[in-house]
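Just so it is clear: in the sequence shown, position 365 is 365 by UniProt numbering, and no numbers are missing.
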Amino acid sequence: MKGIVLNEDVVDIFQKHGYDVDELPEEQSGDSFAGCSVRCTFSQHICPSASSRYADLMPHDLARAALQGLLLRTGIPKDAVDYIIYGTVIQEVKTSNVAREAALAAGFSDKTPAHTVTMACISSNQAMTTGAGMIAAGYCDTVVAGGVEFMSDVPIRHSRKMRKTMLSLNKAKTLGARLSLLASIKLAHLAPELPAVAEFSTAEVMGHSADRLAAAFGVSRVEQDEFALRSHTLAKKAQDEGMLSDIVSFKVPGKDYVSKDNGIRPSTMEQMAKLKPAFIKPHGTVTAANSSFLTDGASAVLIMSEDKALAMGYKPKAYLRDFVFVSQDPKDQLLLGPTYATPKVLEKSGLSLEDIDGQIMANLKAMGSDWFAQTYMGRKTKVGVPPMEKFNTWGGSLSLGHPFGATGCRLVTTVAHRLQKEGGQYGLVAACAAGGQGHAMLIEAYPQ
1 MKGIVLNEDV
11 VDIFQKHGYD
21 VDELPEEQSG
31 DSFAGCSVRC
41 TFSQHICPSA
51 SSRYADLMPH
61 DLARAALQGL
71 LLRTGIPKDA
81 VDYIIYGTVI
91 QEVKTSNVAR
101 EAALAAGFSD
111 KTPAHTVTMA
121 CISSNQAMTT
131 GAGMIAAGYC
141 DTVVAGGVEF
151 MSDVPIRHSR
161 KMRKTMLSLN
171 KAKTLGARLS
181 LLASIKLAHL
191 APELPAVAEF
201 STAEVMGHSA
211 DRLAAAFGVS
221 RVEQDEFALR
231 SHTLAKKAQD
241 EGMLSDIVSF
251 KVPGKDYVSK
261 DNGIRPSTME
271 QMAKLKPAFI
281 KPHGTVTAAN
291 SSFLTDGASA
301 VLIMSEDKAL
311 AMGYKPKAYL
321 RDFVFVSQDP
331 KDQLLLGPTY
341 ATPKVLEKSG
351 LSLEDIDGQI
361 MANLKAMGSD
371 WFAQTYMGRK
381 TKVGVPPMEK
391 FNTWGGSLSL
401 GHPFGATGCR
411 LVTTVAHRLQ
421 KEGGQYGLVA
431 ACAAGGQGHA
441 MLIEAYPQ
């Protein structure tokens, strides 16, 4: 996908509940798809008594703030944007096409088309690659892609029996018919249906899948805790050193400005060891301490052809060089998408893991297994494990948070910033998604 670049004017609103944009970071340039990226801080959804900073908002509010932050940082005229694409997972029924509602709320022209995509945790990756494809096809020159997730107010439904009764009530024409329907309502009908992070095809909660995979690959509780502690420690260091420059301050109506991710909490191995298993009890190894937390957030990325970016006076940051999407068994390989996607995108690009300077990935055990490569991937040898000195060195979703529909843009932005800061050339983003799907994307630094 040569010639498509990412400018550094993408707004990621990954805050724990915030609002109006302020104190925007300096513009940064991108490569491959000329795009600029920013985000609001990620906001951890904790519990009703300690809710996210965004608890009183709606998803399109976060997406709107991301778009406005992007406009402010880049200075791009609103009418220069040809198309807007957003990713989301748990949709607010009132704003099912959240991309369109957010665009209108942010002040974009009503003549600018916008649509919403969903692909679980790689939804904003799909938004970016869809935009890149539209540019490559010559359909448009400039696309804004992003994502949003709002876990503080997820749709909670009545039970199916209650819904059927309510629909019948709406159609009933006589008082007697209405009274008869009301009399049929039982206490059990009032039990709500709560959304769950579970597979529809297998009915298994993702945490259970993680526990089973950890057992299958011999990943111990200690290893998981150490990995989580590393993530929080590196994220805190990056935060203190000003590396998370994609964040823009966000003013929550009636509250203070929010300018830092609130899920970064370095702990100790001793403290983490006190937590009980969260899913498979009592022998599971996945806990609240070594898992990513429910997060509110939004993101936005400006994507252009290289010629368009340069013509408009933007200095790109990184090229979106190539990408792949994969899928596999959602029961036993639900979370192994990166293991399958990584070698495919590297082989397409004629690269190896040794060529990668910045990495944001998972599935380390599977990638380091000759048996898995030979048994399931049709490979003679293992994919290989990335060196940890290059891996998630500014923290990851365990510490920064994971707003399902918006994380992809944060990953790409982090890689682009790291390549620029560290003088690297290639970066790799990889992620898994519900349904046994996965994604990998190759980012190349724009020549400075």
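Even for Gly, the Cβ is constructed at its ideal location relative to N, Cα and C.
On a predicted model such as this, the values are computed, not experimentally measured, just so you know.
Beta-bridge pairing of G146 - partner residues as DSSP gives them: Start at 1 with the first residue of the sequence shown, and residue 146 comes out as number 146. DSSP lists Y86 and A300 as the beta-bridge partner residues of G146.
Beta-carbon gap between L400 and A210 smaller than 8 Å: Counted from its first residue, the sequence shown places residue 400 at position 400. Counted from its first residue, the sequence shown places residue 210 at position 210. No, the Cβ-Cβ distance between L400 and A210 is not below 8 Å.
Residue of G423, W394 and G368 minimising C-alpha distance to L411: As a first step, residue 411 must be located in the sequence shown, where it is residue number 411. Nearest of G423, W394 and G368 to L411, Cα basis: W394.
Per DSSP, cross-strand counterpart(s) of S295: Translated into the one-based positions of the sequence shown, residue 295 becomes position 295. For clarity, residue 295 is Thr in the given sequence; the question names Ser instead. BP columns for T295 point to Q44.
Simplified DSSP assignment, three categories, for A433: On the sequence shown, residue 433 is found 433 positions in, with the first residue counted as 1. Of the three classes helix, strand and coil, the one that applies to A433 here is strand, per DSSP.
Continuous alpha helix (DSSP H) stretch holding H189: start and end: Residue 189 sits at position 189 when you count from the first residue of the sequence shown. Element bounds for H189: n/a, residue is neither H nor E.
4 or more residues per run - each alpha helix (DSSP H) lying fully within the stretch 102-155: 123-136, all fully within the stretch 102-155.
Stretch pair the stretch 276-294 + the stretch 221-229: three plus CB contacts closer than 8 Å: The stretch 276-294 and the stretch 221-229 touch, with no fewer than 3 CB-CB distances between them shorter than 8 Å.
Three-state secondary structure (DSSP) of L24: Reading the sequence shown from its first residue, position 24 is the one you call residue 24. In this prediction, L24 has a pLDDT of 33, which is less than 50 and means its spatial position is unreliable; what the coordinates show is noted afterwards. DSSP places L24 in coil when its eight states are reduced to three.
Proximity to E354 [Cα-Cα], best of Y314, T295 and Y426: Within the sequence shown, numbered from 1, the residue matching residue 354 stands at position 354. When only C-alpha atoms are compared, the closest one is Y426.
Distance between F250 and E389 (C-alpha atoms, nearest Å): In the sequence shown, the residue the question calls residue 389 occupies position 389. In the sequence shown, the residue the question calls residue 250 occupies position 250. Cα to Cα, the separation comes out at about 32 Å.
Bridge partners - L169, DSSP secondary structure assignment: If you number the sequence shown from 1, residue 169 lands on position 169. Partner(s): none; L169 has no beta bridge.
Where E149 falls, given that 16 or more other Cβ within 10 Å makes a residue buried: Sequence index remark: in the sequence shown, residue 149 carries index 149 (1-based). Per the 10 Å Cβ criterion, buried.
Uninterrupted alpha helix (DSSP H) stretches inside the UniProt domain "Thiolase C-terminal" (314-444) (no shorter than 4 residues): Listed in chain order, they are 337-349, 364-367, 370-376, 397-400 and 407-422.
The beta strand (DSSP E) enclosing K308, as first and last residue numbers: As a position in the sequence shown, residue 308 is number 308, starting the count at 1. Not the beta strand (DSSP E): K308 falls in the alpha helix (DSSP H), residues E306 to A311.
Cβ contact (3+ pairs, closer than 8 Å) linking the stretch 422-441 and the stretch 117-126: A contact is defined here as three or more CB-CB pairs under 8 Å, and the stretch 422-441 meets this definition with respect to the stretch 117-126.
Nearest neighbour of A105, chosen from T116, C140 and L67 [CA to CA]: Walking along the sequence shown from the start, residue 105 turns up at place 105. Put simply, of T116, C140 and L67 the residue whose alpha carbon is nearest the alpha carbon of A105 is L67.
CA-to-CA distance, A214 to D256, given in whole angstroms: Working through the sequence shown from its first residue, we reach residue 256 at position 256. Working through the sequence shown from its first residue, we reach residue 214 at position 214. In a straight line, the C-alpha of D256 is about 41 Å away from that of A214.
CA-to-CA distance, A430 to P343, given in whole angstroms: Here residue 343 is taken as the residue at index 343 of the sequence shown, counted from 1. Here residue 430 is taken as the residue at index 430 of the sequence shown, counted from 1. Their Cα atoms are separated by approximately 11 Å.
Where S209 sits in the DSSP three-state scheme: As a working note, residue 209 is residue 209 in the sequence shown. Residue state, collapsed to three classes: helix.
Three-state class that DSSP yields for F227 in the structure shown: On the sequence shown, position 227 is the one that residue 227 refers to. Of the three classes helix, strand and coil, the one that applies to F227 here is helix, per DSSP.
First through last residue of the beta strand (DSSP E) which encompasses S249: If you number the sequence shown from 1, residue 249 lands on position 249. Residues I247 to K251.
Spatial distance of M377 from L336 (CA atoms): Here residue 377 corresponds to residue number 377 of the sequence shown, with the count starting at 1. Here residue 336 corresponds to residue number 336 of the sequence shown, with the count starting at 1. Answer to the nearest angstrom: the Cα atoms are 11 Å apart.
Separation of A238 from T295, as counted between CA atoms: Within the sequence shown, numbered from 1, the residue matching residue 295 stands at position 295. Within the sequence shown, numbered from 1, the residue matching residue 238 stands at position 238. Between the C-alpha atoms of T295 and A238 there is a straight-line separation of about 20 Å.
Assumed close pair P59, T116 - CB separation to whole angstroms, cut-off 8 Å: Against the sequence shown, residue 59 aligns to sequence position 59. Against the sequence shown, residue 116 aligns to sequence position 116. So it is not a contact: roughly 10 Å between Cβ atoms.
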